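Q: Counting from 4, one number per residue, gives the positions in the sequence shown under this note's numbering.
Ideal placement from N, C-alpha and C gives every residue a C-beta, glycine not left out.
Note that the structure is a prediction, hence the values are computed from the model and not measured.
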Amino acid sequence: VLKRPDASAAAIRRAAGKDAFKTMYQDGLSKVTAGITTLDEVRRVLRGQQSAQH
């Protein structure tokens, strides 16, 4: 399913979830909790990612 260029976002999320895939947001929150980065930095990076996708 994922090798097809027309794979839906929902199909990709389902497949990623099967292998305990973390989103960038989830990974960022883990790093905030560990003291590696700040929540502001996670938000800044994710805003940049969102802008790049549109």
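Under the assumption that T40 contacts G31 (Cβ atoms under 8 Å), give the Cβ distance between them as a whole number of angstroms.
A: Sure, about 7 Å apart at Cβ, within 8 Å.
Q: For V48 versus L42, is the C-beta distance shorter than 7 Å?
A: Contact flag unset, no.
Q: How many angstroms separate the CA atom of A23 from the CA atom of E44?
A: About 24 Å.
Q: Please state whether DSSP places T36 in a helix, a strand or coil.
A: Reduced to three states, the DSSP call for T36 is helix.
Q: What is the rounded straight-line gap between the Cα of K25 and the Cα of S33?
A: If you take the alpha carbons of K25 and S33, they lie about 10 Å apart.
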